[in-house]
Structure formats: C-alpha cells, structure tokens
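Have a look at the structure below before the remarks.
Protein chains: 6
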Amino acid sequence: MPDNTIISNLPVFLGCDAEYEESSICVFGAPFDSTTSFRPGTRFAPQTMRADSWGLETYSPYQDRDLTDTKIFDCGDLELPLGDTEQVLSIIEDFAAEIIKENKTPVMIGGEHLVTLGGVRACYDKYGDDLRIIHFDAHTDLRDEMFGVELSHATVIRRCSELLGDKKIWQFGIRSGEKYEFEWAKKHNTINKFDLNGLDDLICELKEANLPVYFTVDLDVLDPSVFPGTGTPEPGGISYKKLQDAVIKVCGGLNIIAADVVELCPHYDQSGASTAIACKILRELLLALSGR
Amino acid sequence: MPDNTIISNLPVFLGCDAEYEESSICVFGAPFDSTTSFRPGTRFAPQTMRADSWGLETYSPYQDRDLTDTKIFDCGDLELPLGDTEQVLSIIEDFAAEIIKENKTPVMIGGEHLVTLGGVRACYDKYGDDLRIIHFDAHTDLRDEMFGVELSHATVIRRCSELLGDKKIWQFGIRSGEKYEFEWAKKHNTINKFDLNGLDDLICELKEANLPVYFTVDLDVLDPSVFPGTGTPEPGGISYKKLQDAVIKVCGGLNIIAADVVELCPHYDQSGASTAIACKILRELLLALSGR
Amino acid sequence: MPDNTIISNLPVFLGCDAEYEESSICVFGAPFDSTTSFRPGTRFAPQTMRADSWGLETYSPYQDRDLTDTKIFDCGDLELPLGDTEQVLSIIEDFAAEIIKENKTPVMIGGEHLVTLGGVRACYDKYGDDLRIIHFDAHTDLRDEMFGVELSHATVIRRCSELLGDKKIWQFGIRSGEKYEFEWAKKHNTINKFDLNGLDDLICELKEANLPVYFTVDLDVLDPSVFPGTGTPEPGGISYKKLQDAVIKVCGGLNIIAADVVELCPHYDQSGASTAIACKILRELLLALSGR
Amino acid sequence: MPDNTIISNLPVFLGCDAEYEESSICVFGAPFDSTTSFRPGTRFAPQTMRADSWGLETYSPYQDRDLTDTKIFDCGDLELPLGDTEQVLSIIEDFAAEIIKENKTPVMIGGEHLVTLGGVRACYDKYGDDLRIIHFDAHTDLRDEMFGVELSHATVIRRCSELLGDKKIWQFGIRSGEKYEFEWAKKHNTINKFDLNGLDDLICELKEANLPVYFTVDLDVLDPSVFPGTGTPEPGGISYKKLQDAVIKVCGGLNIIAADVVELCPHYDQSGASTAIACKILRELLLALSGR
Amino acid sequence: MPDNTIISNLPVFLGCDAEYEESSICVFGAPFDSTTSFRPGTRFAPQTMRADSWGLETYSPYQDRDLTDTKIFDCGDLELPLGDTEQVLSIIEDFAAEIIKENKTPVMIGGEHLVTLGGVRACYDKYGDDLRIIHFDAHTDLRDEMFGVELSHATVIRRCSELLGDKKIWQFGIRSGEKYEFEWAKKHNTINKFDLNGLDDLICELKEANLPVYFTVDLDVLDPSVFPGTGTPEPGGISYKKLQDAVIKVCGGLNIIAADVVELCPHYDQSGASTAIACKILRELLLALSGR
Amino acid sequence: MPDNTIISNLPVFLGCDAEYEESSICVFGAPFDSTTSFRPGTRFAPQTMRADSWGLETYSPYQDRDLTDTKIFDCGDLELPLGDTEQVLSIIEDFAAEIIKENKTPVMIGGEHLVTLGGVRACYDKYGDDLRIIHFDAHTDLRDEMFGVELSHATVIRRCSELLGDKKIWQFGIRSGEKYEFEWAKKHNTINKFDLNGLDDLICELKEANLPVYFTVDLDVLDPSVFPGTGTPEPGGISYKKLQDAVIKVCGGLNIIAADVVELCPHYDQSGASTAIACKILRELLLALSGR
C-alpha cells in the first residue's frame, strides 16, 4: 500500500486505538433496538458516536487526563440477529464474559437499554451475589412485561433486579413510569426520583464495601433540552454538568467492573449535539476508569 | 368487526378517553395559525401532541396522580375556516361556551395565541367583571395592531385587556415587545418581566378572593434551549421545572375556569422534545385541575 | 357533547369511514419493523398515512370513481408485541382471517415486508393451493435466513413461496438481491427483473383461471427519486405512473382476495411526498377493488 | 462607506438589478399563505428563491440568452396584512396595476395560489373581456368555497373564471379535485387532465388572435419526485423538462401581460432542489419574456 | 417604481438601517469557513442572521434601549475568495481598517473564528501594544498548526497572541483543547476555564486602564443545549443569560474598538433557536456599544 | 481479542476488502470541499458512502457480477490540510501516482470536483499526451478563475484542459455555465449539452485508438429529482438508468486508467437516496472495471 498519510483513526472511538492484549478497558457496540416501543434508531448510536468522537479532543481539562496516555481497545460492533431477542442477549453476554474473564473492563455502547441485561448476566456469572448496579435513567424500566413481551427496554431493570435479588440496585434521576413500577422500586430497589441526590453517600458506602458495581447510564436521564437525541424524551431531567460530575465520581471512586452508555438515537439529533454529549460522557467515563 | 386487539387510543390525548357526559374537563384543539407573522405551523400542534402523548406515562410522580383515575374527554379538533379570522374566533367562543355552560372546564390546545381570545370571550360572557387572566409568555402580545390587522397573535392580550378592563391580567416571563407595549402593560395590566417572580403572592391573593381565572400558557415562555419548537424563539426564558411547578400551583390552587396551551410549532421540533414538553405540561395541568 | 363542527375524519384513512358491517373492504395497519436490518421506522407508516391522506381528494380522475361512493372500513392499527416476531405474525394472521371469513377483503398497511407473511398465511388457510401472489418489489426477499433469523423482511417471499409451493408467485421490478436469490427465484417463482414487463400477459392468464390472488406492493419498487421515504432505497426503479397503472389493472381485473402496501418509512420523507404517493396508491387500489 | 468589494447582489433575484425606470419586466414577491389548508409556508418562497437564485448562472444554454443582457427590476416583497385576505388581494392588485399602467410586465412570486387573483384583477381592469389565462397546476382550484371561505387557494381559478367569463381559461396538468370541479371545468373553462397535451395548438390559436394572456404556474404541476417542496404534493405530475419547454414556448410566443410562479414551500425542500427548480423556471420565464 | 408598501428592511440586520456617514458602528459579514476541520457551514451565518433578526424586536427590555434610537450601518457581506486564506484575511483587515480609520466601530459577523485575525490585525495597526483581546470560546484555539496549516480556526488565538505579545489576551469559558494548548495559555495569555469567573475583576481593571479592547465571541462558548447550531458542539458550556449579561457589561463598560460574533452554523440549527440567540446577542452587543 | 462475531466490514466500501497487494483497483477518499462556492459538505461523502454502501448487495443483476469475486482495496481517506489548496492537490497527486505506478487503477471518491485535478496530474505524468478525459457534469467547470482563485471546483476542467492540451476532453450532460465557458468548451474541448448523446460513438472511437482515459463523474449530471444531495442542484439532468448504463459502457469498454465520483453532499440528502445512488454507481463502476 502506498506509503502516505491516511486517516486511519475513524473506525474506532476517539483515542481507543490500543491493542487488545495491552488494554484494560474494551469498548464495544451493541446496535440493537428491536423492542423499542416508541421510536427506534438507537442501533445507529455506536457508529455515529465513533465518527463524531473525533470532533472532541483526547484531553480532558476536567480530569487533566488524556486518552493518548491510556490503553483502550475498541472491539467494533457485535453482529446481532435482529428479531431474535434472546439470541441477541446471549451474544452480548458471551462477548462481555470473554472480556471479563481476562480481567478487562467491558464498556458497551447501546443500542436500547435491553442490551444491559446481557452485560449484567455476564457479570453476575462471575460476581454472583456481590454484584451491585448503579442505574441512571429517566424511566423506571421496571415493567413486568410490555405488550406481552418479557424482554424489553421497559422491563430491563426488573429483569436485572430479579437476577441479582432485592436491594442490589440504586436508581437515580427517575421521573417516569407506571405507578406500580414506582412502588415496586421502593420495595425491591433503592430509587432516587428526579435527580442524583444520595449518590455521594452511596459512593462512600460502596467504596467501603469494595463491591463490584455495574454502571448503566441511560442518557435520557439528561433533560431533553440537553439531550434531545433519544427515542423517548422525558422533560425534567438533570443537567450535563451534573451527569459528567457523577460519572467521574462513580467511575473514579468505585470498583466498576462493567459499564454501558445507552439510548442515544441519532435520528433525533439533527444538530449532532446529543451525539457530542454521548461521546464526551464516554470519554470522561473511560478516563475516570483508566485512572483507577 | 373482528374481536381483536386494536390500538384505539391514538386519536385522543393520553388518558383522555372518558365519555363527555361524565367528564368535568374537556380538551379540544384549535388548529389555527393564519395571523402568525414570522413562521406558521402551530396548526399542527393538537394532532402531533395527541400522537406523541402516548410516549409519556399516565402517572405523574410529581403529583402522585394518574390520568386513569380522572374523567377527561378529548373533543377532537375544531374545523376552522382558515382565512376568516373573526369567524374562527366565533367558532372557538361558541364551542367553549357550550362546555362552560355545563360547568365543565375547557382546556384548549392551540394553534397560535390568538385562539385565546375566543376562549376568553366565552368566559367573559359568563363571569363578566370577575374574570381574571394569568398569562405566561415571552412576548407582551399588546400591540394595538399588526400590519393594520387588529386580530393577531401579537395583539391578543391587548384585546383581552380591553374586554376585561384594567388590572385584570397578570403577565409573567415577558422579555420581548415594543417599548410602548411594556409601558401599556405597566399601566393597564400587571407585568412581571423575564421570570415568574411574584406568582406565589398572586396565587395567595386570588385564592382568597376566589375569583374565576383564565390561565393561558404560551409555551415560548420557556427558554428556546428547552423549547425550540415554536415560531418565534426568544432566548432568555424560564426552565422546564419552573414552568411545571407553576402550572401545578396555578391549576391546583386557583379557581381555573378555562385554560389553554398554545404556540407549539412541530415543524421546528425535529427531535420531538418540544412536543414531549407540551404534552407533559398538559398532563400536569390536567392532573392538577382534576385534583381540585 | 357540544353540538358543533368537529373534525372527526382524521383517525381513519381518507374516505374509509363506513361501518364494519356494511363494508366489503377493511383497511388495517400493522406497525411492525423489528427485523428491519438497515434503517427502521416503517412502523410509523399507517399513522402518518392516515393523517396525510386528507391532503388528497376522495375522487380519482384516473378511474372516475370516488371513495365517498364506496363502503370501506378502517379498523385502525393492530397492537403488536415488538420483540416477539412469531407472535406478531400470529396476530396479523388471526386478524386477517376474521376479515376473510366474512368475505371482506383485507388491505394491510405495513410496516416492514415481513407482515405480508401473516396475511398470506390467513389466505392460504382459506384458499390452499389455489392461492397466487403478485409481488412488486425492488428486492428479491428470498434469503433463506438473515443473520441466523428465518422470519425477516429479507426472507418473507421465500417463506411465502415455501408455504404455497413452486411457481405460485410472480415477482416484478426486482433489481437487488444476492446471486443465489435470483437463481432461486428463477427456479421456484417467476421473476421479472427491473420493471413490470409481462404483467399484462399475467393478468390475462390469471383472469381466465379466476384464481384467488394476494397482491403485495413493496413501495420501494418505485425509483428512489419518486419514493425516497423507505428504509433501503434502491436506485433504478419504476415511475409513479407505471405503478399506478399496474395497481389499477391488477386490482380492477383480478380476483384479489387480500392486498398490502408496505415499507413506507416516514423518517426519510422530509417533504411528505413519499407519504403522498403511498396514500394515492392506496386510494387507487381501494377504488379499483371497490369497483369490481 | 468603505470603498471595497461587497456582495450587493443578494437581495434581488439573480440578474434582476436594473433600475425601475429602464425595466420592461418587474419581479415582486407576494409572501402570503394564510388560506393554505394543508401545510403552510409558501410565504418564505420569494426570500428563499432570491437567496438561492445566485447558485444558478445568468446565462441559459437553452435559449442562448443571458439575464445580464436584460433590464429587469426586482421590487422586493409586498408587506401584506396576514389575516385580512381581502386587503391582501387589494394590495397585490394595486401594485400590479401600477406596473401594468407603465406598460411593464409584472412577474409575481407567490405565496399560495390565491395571490393570482390580485394580479388577474389588475389585468382585467385594463384588458377586460380580451383577457385570457393559461393555468398550469395539479389541482383544479375550482371549489366554490373552502370551509365556508370564498377567497382561498382552492377557489382561486373559480374566482378568476367568474371574473373573466366562460371559456377564457385553459387549465393544464390537472390531476386532483372534487368530481364537481372537473365537471365545472369542462363547462366553463378548458381543462387538459394530467399533462400539457393541447398546449401547442392553443399557442397557435392565441398567437393568431394576439390576445393578452395572464400566465400562472402552480409549481405543483410538476411531479413530486421533481418538486417535493410544496404544501400539497400530488403524485403523477409532469417532468421538469416538459415544464421548462412549455414556459419558454408560452412566454416566448404569446402576448403575456403578467405572470406568476406560485406554491414553492421551502419547509419541505430539505435539499434545496425544489427551490433551484423554481429559480430556474423563473429565469427561463424572464429570459423568454425579455426576448420578445 | 410604484409608490407602495414594500418590505425594504430584509437585507440589513434588524434596525441597522442608518446611513454610513452618520453611523458610529458598522456591521459587516465575513462568510468564510474554508479551514473548518469538522463541519463547515458558518459562511451562511451572516445571511441567515439578517433574515431571522426581524423575528426579534428592536427594543431591549434588559437595557431599556431601542435600535431605532441608534445609528448603525450594515455594510453587507464581504466577497471573499474561498480557497485563498491569506487573501481572505487581507480583505477583512483592509475593510476593518477603513472603518476604524473613520473612528467607527466595526462589528463582524463570522464565518469561522479565523476571520477574527483579520480584524485584530487592523486594530493592531492602529493601536499597537495597547491592544487587548477578550475572548469567549469553548476551545483554546491555540494550536500551532492544524494538519500543517498555520492559518486555521484552531490556531487563530495563537496567531493573535503572537501578534500582540504575552499577557494581552483573556480567554473565558474554555473547556476543550489539547493539553499543550492549555499549558501555552497559562504561560502566554490569561485563561479562565469552563465559565466567566474573573470577568468582573478584569472589567474593573481594563476600565481603569482605559485600553482599547477587541471583543471576540465564539458562540460555542454557550452550552450545546442552548446553542446546538455550531460546527463543533462542546458540552459543558455557559447559559444564555450569563453570556448576555457579560456582553452587556463588556460592551457597555469598556473601550471596545472592534468586536465579532462567530461560529453560528445554520445547517445544524433546524429550529432556528441558535440563530435567534446569535441575533439577540448581537442586538444586545450593538445596543450596549451604542449606549456608551 | 474475544473470538466472536464482530462486524468488521463497516470501515471499507461494500465488498472492497481485499489486500492491497492482490488488488488491481484501489478506492480512496478525498474529503475536500474548501473552494465550494455555494454550499459545502462534500467532504462527508466518502465516510457516508462507506457506511451506507452496506445497504446494497455485492451482486449486480445488471452485469451479473459480484464484488465478492473481485479484488479491490479500500485505502481509506486521505488526510488533507484544509485551507491549503495547492498542498491538498499535491497529496492527491502523489497518492494516485503511487497506485498508478503499481499498475493498479485508482478510483477516487470526492469531495468537490477540484480533487480531480490531483488525479489527472498523476495520470498526465505517466501517460502524457495520450491521456484523454471523459467528463460527466451539469456544469462546464471552465471558468478561468472564481473570485480571483484559480484552483476551484468551478475551474477544474479548464485547468485539466490546459494541462492536456486541446481536444482531449469530452464533456457530457452540461447544462450550466457562463456564456464564455460554453464558447471556450466548443473551441478547446468537445461539449455535449444536456445529455449523453454522442457517447456511443466516442466509445467506439476511443476503443479503437486504445488510449488511456481518465473518467470523472460529477454526480450532479443527474437530475436533482434523482440526486438532490449535492451542493449546486441544476434542474434538467439525466436519469439514473442513463448514467448507470453509460458508466458500465465506459468502464467496461475503454482503457480507464483512473476514475472518480464526486460532489455527493450528504447534508442535502435527508432520505439517503442520493447516497444510495452514489454507492450503486460506484459499485457498477467497480464491477465494470474489474470485469475487463
């Protein structure tokens, strides 16, 4: 091939160009949105984020860290059999399990929120009853079923909760759900409505216990003014700065053994600002993880 | 017809599927935008809001109330003779008068702000000098005329003020108008520039007097970052949470005998976030009204 | 309810406001797109078509017929369990079967092309080996499986062909597929590449035999210049007039016992022109069917 | 002002920068769309066309003529009182009359089609029973009234026909209307359905009679594949080349005493291709007129 | 020309219709974006801002001042040779120098940020070592070169700093850059990361010294929720109100001898809200300048 | 890295996944648009085409050939110094020269049309006076300079013509240009206005002479109804089928030693149909080349 200047960085996420073997963090995409009930399109998030991530810098003035000083591998996207939900979750689970087995941290880019269940299953296989989940979201995601379907973006935290057992999940920013979901949350999880209050205390508590934590960020926890590019915009959310601060604290302070960032839907992001936010949150998350 | 599962809820606004006779609140659309001077399209708001409202939940965690526990009827949209403004206002007035006559509360979805005049006329016929108006807006809407036309979205509050008499209208959030409009406002109405300061005191005052109040919400009172989907975006507005809180307080605490939510323009709402806001404000407004 | 002028026509497709009992044709929507591999969104087609259909006239100067002279019932949309493909197909099949049982003609609005399989199954139950299919499409839709999934928009005609047996399906306008699909088509179906040549002869032949025909129109048979609003635009298609003429001839001349119009994806139809085309094709199809 | 290179051409239409006194053709905009029943926005057409016209060349290889060799004045846009339809038409009529009085040819850019009535009234005042109209459109525009309103985009040719008397109007390309409109057209006008057949004969006939002709081009006569940027797209229209040829023939061969180009709606023209077409048609029209 | 009501205001920015001779402030556009590395389109900003500015009022209730009471001239846009960057900067420099020579204040509408260098050069020619710069931005713009190019939107403040010398530039709101850029800033300029803290003190200091100040506002200093319409959205910015307050304080309190507002990219402003913000900031800036 | 199913095909163009050494054709992107005078954005074409190309099939039923049977290498995109036009052309020239040197055929994806000059220079270095160019375009591209700049998308064919000498270039489909450009074309090149007439004769002639031919396809040769996604839409172009047929004939029948496909501007391609066309033309071009 001609010896010349070629842009070779575009296929991977900003600064995630280490080799697999040397990396302690592995990014991968799960472009799945088949159970989305309102407006699909999150399957395009991983690809769009990779392309637009290069509009950001690798250096974070917030953390004074640089992705060029880290070792992160971008695996690309999983090839998922749209229309066969259980099989999709198995592929995600197996893939995450491979990464965890080598003591690397998988960071998944959704896709709809259901993909989290695959990642959580992989972690539960390894960590069992120790596993905890921190969940940022606008929605409870605690339905028992949705139009008769048990595996759905609207049921995903319910399924996780059933797997892990009671009081293992902390939900933050929640401002939408059926009444019974809020009641279920109070009984089986710990729910913080509307904002991130209580997060600092939780971090102290979990830090002390040093338990393995799965961290799932549904980006619609942000206010739609900040993040319009999502399938189900829910007014009344938190600000960008609050989310960024929280992500840095959670990933920098806790034993995060896997994480995901889900529900960017590029179709509804005409300006690209939502994609930029998703990318910057992921950059800060990766930098915080790699600084541990 | 085949006995089967059909989505029958889409034509009405979320949870507004009671019978007319049993309902104490009646929602209806006034899809009119013919006097809009800058960018038309608010006529599409009622139809778009009905469709997208089903992306929200019927339950409000803010008020701990559920639309499934209310009796609200959605009348559909008025058929309005575009191009004959006076006739349009008559149709709105007559329709609102019918609802008021049966001691139900009409809640109108605009359309441009001029439709408010039809609703106010119907209320003035019944309540006369007792009638008061609370007006949320970015714009004064107090011009004497607009390009020689007296019935316009830019004159609507002036016309209401002339009908009701001096000092019957409180304006909040106002940040745009000609200089003479601000002076007129100070003399004939009560104007609160830029935000909702003073609203709590007003609520106390009006509550004591127990006067009938017409509540008109021009959604462009919100900052364009929150609500870009409107014909005349005016930077410097209030946040979503402030508006939601205010709507709940006004509708939950006062003798609101009619209300409207106007100026959503779906053309400029590529992401659907503005429509989601309009729907959620209406949901909270309806829940607060029905909780009285 | 107030005795007044309300737009009551919007929830149904243009002119399809007869009672179920008196109707010989039943329109219904199948808003499903979960197996779409490239760009989802066809689930929004039925709802968007109903709303925009009122921009057309009920009268066709092409056929000199008027929908106001017909008896057509619009059933609304099926509520489909996204994420459970087999169940979705069962619901469609059962619903179509109910309509067919009463000797009415079901006309389905997709949704992705897979929904056709539900309709064809219902017809095969009634008509067995007599059943024929006329298929307009850009794509062969003859894959054996897609990413390991057998029920997919890319396999639907293969599944139909396996159900009906060899040489029961005529495919027109086909210009995209894997090589083996074109070979399969030649062996098991009758394939007309690129355009509608041969349709007139087929109509004569089938007319004489008076066999029951299922007519499925994938709108991407049209050139993307004419119909950009679809998930997988495939350049090199036919013109609008050719499709309209063919629809009138097929529906006016043959024993069509069920039909569908699929693959409009409103997300990619910024101008609304593709939706207008889908609506007009459906209007002409319904008028031709009702004129028999 | 600093002596420097400033782009001073943008406010006028491409090449229309002569002085008023020396010009034989006057372009002006009528940004009115208040009676538009389906989707408004044509008011933005004159401004958008002026801006985008500079993407074309002043030279036409079709006519081998150049706008730089012509004397055309662009008057700018009329300031129209939105919401007072009759007053809008008076302003247009008066303005066109001023131009005609000085034996210049007014060429109006709409706006919705109703603006034509203002121009036709001005011409009828001068030319009386001699006046003829050539009308290109997808729609009959022959309703007696629309939602009870007599002055509407859907009634404009009916109003013109009533003013001029029977058999003075030739309609081409018509493919949409109520049944009674087609019947009215046959009786009172001359209607050519679907295409421009018969135009050549008409040109011969009118040329010989040397009668003054008003030429009105509703751009939706074009197929929506060619011209999606319009409020009411009607599939089945003519091609760009047919329209361009016809415009050159009509304007080059007949005694055109006024003309208009209407119904571009930039909102639905994401790519700008429809605006480019409107501009090029106007360029060819102006060049053909100026070549007489 | 006919004596009639014509909208003659559209080609100039809202209220900037004074004669050149009588004006103390001159607005002009620099529609250049050729070095934009991520997403071009800022060249359209001046033209779009002029058109949309008329959706605002001339009166500011914040400053209680009215553009109708000022004397401001809008020069139009410079004609710039795209593709020849150095020549573009020369044209800007010469044009600004002409205005400055007559003791008028040039206010430039970008275009990309590189255009600032032209304006700063003109000011430096006149004011030499006294010249100071206040710089609002999300990005440091301090690269030494970008893809081997020294004149770039990403190097513009570096070039200005090299021209003026050390410690003459104050940067506010900065939240993105390479690590070395932040270090360079600390050494050669004064940098205020993330927000506008320190601005009040700076204003006091500069006011006392009465030094001539060039004020450059890169609108992406705003949070993308507020201002999505820009080429490189960078989450974590300031609010609209903070920017407006700061602009009024800087322009009202200091010896501003030139200013610019850059980096609006209308392509990414589907709703027009970002353009409205750019226009309102410019209105407040002009009113504050004219009130000195 | 985990042994699992990963989508690894996205970064390259559909089916172009051979090794460099074994390939006879090399695709590369030249994402440059800095001289674009009207609407920039073509720099995004290569990246968008690669992503969307996977919505097509590798098999062409037109040529009965499959990309899976070819050896084509996709080099990725050149990293180009925006703002330094001459340097950009050098990089393109050097890169193309490397490929040509190894007797491979470079196929470049633009970018704006100016990139062609880089490719042509590389070919002229090798083939000298034997080199011929076939040029499909809506525009003459024969200006002497554009706003004082000699290297511009509007001058590119003039520069090529000056390099090769008279009567070496055949231009097809041309329908826009200044008058003097058309005259220059007649004198120095061979110009075929409006369509592709004369192409068959030319192919015979060149085939016999067996001269090396550079083939440059400006996609705006297509009618904007077919291909709206371009910066300067020019109505009156050719159909998709005509272009596809011509591409197959030129590339299958002649000694094409380099080719390019330029001027797709994804910003103006909301539906993705223009990108699909660009991809399909490139697929057919590659298949025809590889079939020689």
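Chains A, B, C, D, E and F supply the protein sequences, listed in that same order.
Residue 292, in the numbering used here, is where the first sequence stops; the numbers in between run on with no holes.
Residue 292, in the numbering used here, is where the second sequence stops; the numbers in between run on with no holes.
Residue 292, in the numbering used here, is where the third sequence stops; the numbers in between run on with no holes.
Residue 292, in the numbering used here, is where the fourth sequence stops; the numbers in between run on with no holes.
Residue 292, in the numbering used here, is where the fifth sequence stops; the numbers in between run on with no holes.
Residue 292, in the numbering used here, is where the sixth sequence stops; the numbers in between run on with no holes.
Note that beta-carbon positions come from the ideal geometry of N, C-alpha and C, so glycine has one too.
The alpha helix (DSSP H) enclosing D/R132, as first and last residue numbers: That residue, D/R132, is in no alpha helix (DSSP H); its beta strand (DSSP E) goes 132-136.
Could you tell me which residues DSSP puts in a beta bridge with D/R65? D/S60
Taking 7 angstroms as the CB-CB limit, is D/S34 close to chain C? no
Neighbouring residues, chain E, relative to B/R175 (Cβ below 7 angstroms): P61
The segment 138-154 of chain B: positions lying closer than 7 angstroms to chain D by Cβ: F147, G148, V149, L151, S152
Pair within 7 angstroms by beta-carbon distance, D/P235 and C/K280: yes
What's the C-alpha gap between A/N4 and F/T35? A caution first: A/N4 carries a pLDDT of 46, below 50, which makes its placement in the model unreliable, though a value can still be read off. Those two C-alpha atoms are separated by around 24 angstroms.
Euclidean distance between Cα positions of A/N9 and E/F38: Caution applies to A/N9, whose pLDDT of 40 falls short of 50 and renders its modelled position unreliable; the model cannot decide the point.
At a Cβ threshold of 7 angstroms, is F/I281 touching chain D? no
Report, in whole angstroms, the separation of the C-beta atoms of D/G110 and D/A45, which I expect to be a contact under 8 angstroms. 6 angstroms
Assuming F/I256 and F/F194 are in contact, meaning their beta carbons sit under 8 angstroms apart, how far apart are those beta carbons, in whole angstroms? That pair is no contact at about 24 angstroms.
Any idea which residues DSSP pairs C/K193 with across the strands? C/I174
Cβ-Cβ distance between A/C26 and A/P106 below 7 angstroms: yes
Please state the DSSP three-state secondary structure of F/L151. coil
Would you check if the segment 78-92 of chain D and the segment 202-210 of chain F touch, i.e. whether three or more CB-CB distances between them fall below 8 angstroms? no
Residues of chain F with a CB under 9 angstroms from the CB of D/Q244: which are they? P235, G236
What residues in its chain sit with their C-beta under 6 angstroms from that of F/N192, if we drop five residues either side in the sequence? F172, G198
Using three-state DSSP, classify A/P233 as helix, strand or coil. coil
Spatial distance of C/D99 from B/F32 (CA atoms): In the sequence under discussion, the amino acid at residue 99 of chain C is Ile, which differs from the Asp named in the question. Straight-line Cα distance between these residues: approximately 39 angstroms.
Tell me which residue opens and which closes the beta strand (DSSP E) that C/I319 is part of. Coverage of chain C is limited to positions 1 through 292, which leaves residue 319 of chain C absent and any answer about it impossible.
Would you mind listing the alpha helix (DSSP H) stretches within the segment 24-62 of chain E that are 4+ residues and don't spill past its ends, in chain order? 45-53
Return the chain-ordered list of same chain residues with a C-beta closer than 8 angstroms to the C-beta of C/P224, the five sequence neighbours on each side being excluded. T230, P233, E234, P235, G237
Neighbour flag for A/S90 against chain C, beta carbons, 7 angstroms: no
What residue does the beta strand (DSSP E) around A/F215 start on, and which one ends it? 213-218
Taking only beta-carbon positions, decide if F/P81 is within less than 7 angstroms of chain E. yes
Have a look at the DSSP bridge pairing and note the partners of F/D84. E/D84
Three-state secondary structure assigned by DSSP to D/T105: strand
Kindly list the residues whose CB is nearer than 6 angstroms to the CB of B/A30, restricted to its own chain and excluding five residues on each side of it in sequence; keep chain order. L78, I92, M108, G110, G111, V115
Considering only the alpha carbon of each residue, which of E/V250, E/D269, E/G272, E/C265 lies closest to E/L285? E/V250
Counting only beta-carbon atoms, is E/T190 nearer than 7 angstroms to chain F? no
Any C-beta of chain B sitting closer than 7 angstroms to the C-beta of E/D195? no
Residue-chain proximity (F/T85, chain E), Cβ-Cβ < 7 angstroms: yes
Going by the beta-carbon positions, is the gap between B/I169 and B/S176 smaller than 7 angstroms? no
Would F/A185 pass as a contact of F/T140 if the rule is Cβ separation under 7 angstroms? yes
Between the beta-carbon of E/E80 and the beta-carbon of E/L117, is there less than 7 angstroms? Residue identity check: residue 80 of chain E is Leu in the sequence provided, not Glu. Contact: no.
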